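So the sequence shown is residues 1 to 290, counted in full-length UniProt numbering. Written below as structure tokens is the structure these notes are about.
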Amino acid sequence: MLHGCPYTALTWAPTVEEIARRAAEDGTSVAASVDAIAMDLRGHGESDGGLGDDRGDNGATFDPDVMALDAFETLGAFLTRSKRRVVVIGHSMGGAIAARCAALIENANRESSSSYPAELAGLVLVDIVEGSALSALPAMGVLVDSRPSEFATLEDAMRWSSSRGGGTTNTRSASVSLPSQLRKVVAADGSSKYVWITDLRATAPFWTSWYRGLSGKFLAVKAPKLLLLAGNDRLDTELTIAQMQGRFQMTVCKAGHCVQEDDPDAVATTLENFVSRYVSRKRPTPPPFM
């Protein structure tokens, strides 16, 4: 499970909690047969910035191919059972990373000499469409500038998130996710404040590379695919044609951009249905989510 910018792995916590709750209630459900793996991508949360030729101002590279390789290698190191089936899931920027990671897994599986321990069983992109994302980029600078650079307390950050369009309106989700995006800075006089771990301005040089060509990368993946959107986002031409041809499943949730935080119950249901319909019926053991 790959988060968007500037979120962290904990953006998925409410959804995973709901999946775990269902598993505890019904041991025969799909929810009882999956594992959830989430990571802080480089430059986010508790992960280091990493190094690379293309670097943000904070020393992190946000190149999508580099981050996809991070995810690919992390998954390979995490799994111990040979050829565990995986569904790669990504929200927003994480969707761009997920599509690339999925391609890396499929390419590794095509190599007869590969010992990579995962087999791609599905790909899920959450609220990301190439055409809409690229058309929104000119306004992103204004949006970034409108964000407070610091907060006196975590409570102030929570109030901003819920009342000023800063994130999710689900306060329960925000109480888990938002603190992981901030770090406490203590001055010499003992005063403190909270600042963002990920500088959105530092990611700006990479915005176009995240999304350009995403539709083609998504459709090129051979495994079953799901596009989960918040509201009636417009599909670009390539996705519209592919959707009419039945090349992927599309589901719309009535939520904000951070769908998994706004409505974790609906996202958990959508993921369970996707695995039940397209993945677990092919083999007796469902895959883990990522």
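Glycine is no exception: its CB is placed at the ideal position from the N, C-alpha and C atoms. The structure displayed is predicted, hence computed values, not measured ones.
Residue from the options with nearest C-alpha to residue i
{"i": "Ala20", "options": "Thr11, Thr8, Asp145 and Val34", "result": "Val34"}
{"i": "Leu134", "options": "Ala102, Cys253, Arg212 and Ile89", "result": "Arg212"}
{"i": "Val279", "options": "Val252, Val86, Asp63 and Arg42", "result": "Val86"}
{"i": "Ile97", "options": "Asp63, Ser113 and His44", "result": "Asp63"}
{"i": "Thr269", "options": "Gly256, Val252 and Phe72", "result": "Val252"}
{"i": "Glu46", "options": "Leu182, Ala71 and Gly27", "result": "Leu182"}
{"i": "Ser215", "options": "Val129, Ile89 and Leu75", "result": "Val129"}
{"i": "Ala202", "options": "Arg172, Val144 and Glu155", "result": "Val144"}
{"i": "Leu2", "options": "Arg22, Arg100, Ser29 and Ser161", "result": "Arg100"}
{"i": "Pro117", "options": "Glu111, Ala136, Leu79 and Phe72", "result": "Leu79"}
{"i": "Pro6", "options": "Leu271, Ala204 and Arg277", "result": "Ala204"}
{"i": "Ala136", "options": "Val176, Leu200, Trp196 and Trp207", "result": "Trp207"}
{"i": "Thr11", "options": "Ile89, Glu73, Ser149 and Gly76", "result": "Ile89"}
{"i": "Ser276", "options": "Arg22, Ser29, Thr153 and Val126", "result": "Ser29"}
Residue-level contact to chain C via CB, residue i, 8 Å cutoff
{"i": "Val87", "result": "You won't find chain C in this structure, because it holds only one protein chain."}
Residue i beta carbon near the ligand NAP (any heavy atom closer than 7 Å)
{"i": "Val34", "result": "In the structure on display, the ligand NAP does not appear, and there are no ligands present to speak of."}
Cutoff 6 Å; reference residue i; Cβ partners in own chain excluding five residues on either side
{"i": "Gly4", "result": "His91, Ser92, Met93 and Gly94"}
{"i": "Phe151", "result": "Ala157 and Tyr194"}
{"i": "Val16", "result": "Ala36"}
{"i": "Ser112", "result": "none"}
Beta-bridge pairing of residue i - partner residues as DSSP gives them
{"i": "Met39", "result": "Leu2"}
{"i": "Arg84", "result": "Ala118"}
{"i": "His91", "result": "Val126"}
Own chain partners of residue i with C-beta closer than 7 Å, once the 5 adjacent residues on each side are dropped
{"i": "Phe248", "result": "Lys225, Leu226, Leu227 and Ala242"}
{"i": "Ser161", "result": "Gly167, Thr168, Ala174 and Leu178"}
{"i": "Phe274", "result": "Gly122, Val124, Leu226 and Gln249"}
{"i": "Glu155", "result": "none"}
Contact set for residue i: own chain, Cβ-Cβ below 8 Å, skip 5 residues either direction
{"i": "Leu219", "result": "Lys225, Glu238, Leu239, Ala242, Arg247 and Phe248"}
{"i": "Ser191", "result": "none"}
Could you tell me which uninterrupted alpha helix (DSSP H) segments, each at least 4 residues in length, are contained entirely in the segment 153 to 203, listed from first to last along the chain?
154 to 163, 171 to 177 and 200 to 203
Along the chain, which unbroken stretches of the alpha helix (DSSP H) at least 4 residues long are found entirely within the segment 106 to 158?
130 to 145
Quick check for students: name the residue ranges of the beta strand (DSSP E) that lie wholly in the segment 226 to 276, counting only runs of 3 or more.
249 to 253
Does the structure place the segment 137 to 146 close enough to the segment 217 to 234 that three or more beta carbon pairs sit under 8 Å?
no
Touch check for the segment 233 to 241 and the segment 261 to 273: three-plus C-beta pairs under 8 Å?
no
Can you find at least 3 beta carbon pairs, one from the segment 102 to 112 and one from the segment 167 to 187, that sit closer than 8 Å?
no
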